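Student: Sharing a structure here in structure tokens format.
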Amino acid sequence: MARRPAYLRMDDAKANGAAVGKGAWRMGDFDTHIAWLRSRQAIAEQDIQDYMAGATHLIGGMDFTESFVARAQSDIKEFKALIAVCEAHNR
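Residues in the sequence shown are numbered from 56 upward in steps of one, following this note's numbering.
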């Protein structure tokens, strides 16, 4: 299985205080989670800019740049939707 880009990994979310337990949120965690989502969105946007500037992603000599750009673009849409939901709930 291919390793997912850094902005998709949630393993550091708990270290950032985003989630406490299964479905449990502390007061103020939405702000932390929104900040985490925005940082991951920024990383995905930077990846797209890097690819557009000529960076390539090779795995075993095969070029996977187009698939990574497509996945980053769909992830940015997901991040925007999640941010909107969290901000609406946080009001």
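Just so you know, even glycine gets a beta-carbon here, dropped at the ideal spot from N, CA and C.
A quick note: this is a predicted structure, and the numbers were derived from the prediction, not measured.
State yes or no: is the C-beta of A127 within less than 8 Å of the C-beta of D102?
Tutor: Contact: yes.
Student: In the DSSP assignment, what are the bridge partners of I51?
Tutor: The question about residue 51 has no answer, for the chain in this structure spans 56 to 146.
Student: Using the Cα positions of T111 and D118, report the straight-line distance between them to the nearest angstrom.
Tutor: T111 and D118: Cα-Cα distance of roughly 7 Å.
Student: L99: buried (16+ other C-beta within 10 angstroms of its C-beta) or exposed?
Tutor: The sequence shown places Ala at residue 99, not Leu. Buried, since its Cβ has 16 or more Cβ neighbours within 10 Å.
Student: Return helix, strand or coil for R146, following the three-state DSSP convention.
Tutor: Of the three classes helix, strand and coil, the one that applies to R146 here is coil, per DSSP.
Student: Buried or exposed for V75, please, with buried defined as at least 16 other CB atoms from any protein chain shown within 10 angstroms of its CB.
Tutor: With a pLDDT of 44 at V75, under the threshold of 50, the modelled position of that residue is not reliable, and the figure given next carries that caveat. With fewer than 16 other Cβ atoms within 10 Å, it is exposed.
Student: Which whole-angstrom value describes the C-beta separation of L92 and I138, a residue pair presumed to lie in contact below a C-beta threshold of 8 Å?
Tutor: Indeed, because the Cβ distance is near 5 Å, the residues count as touching under 8 Å.
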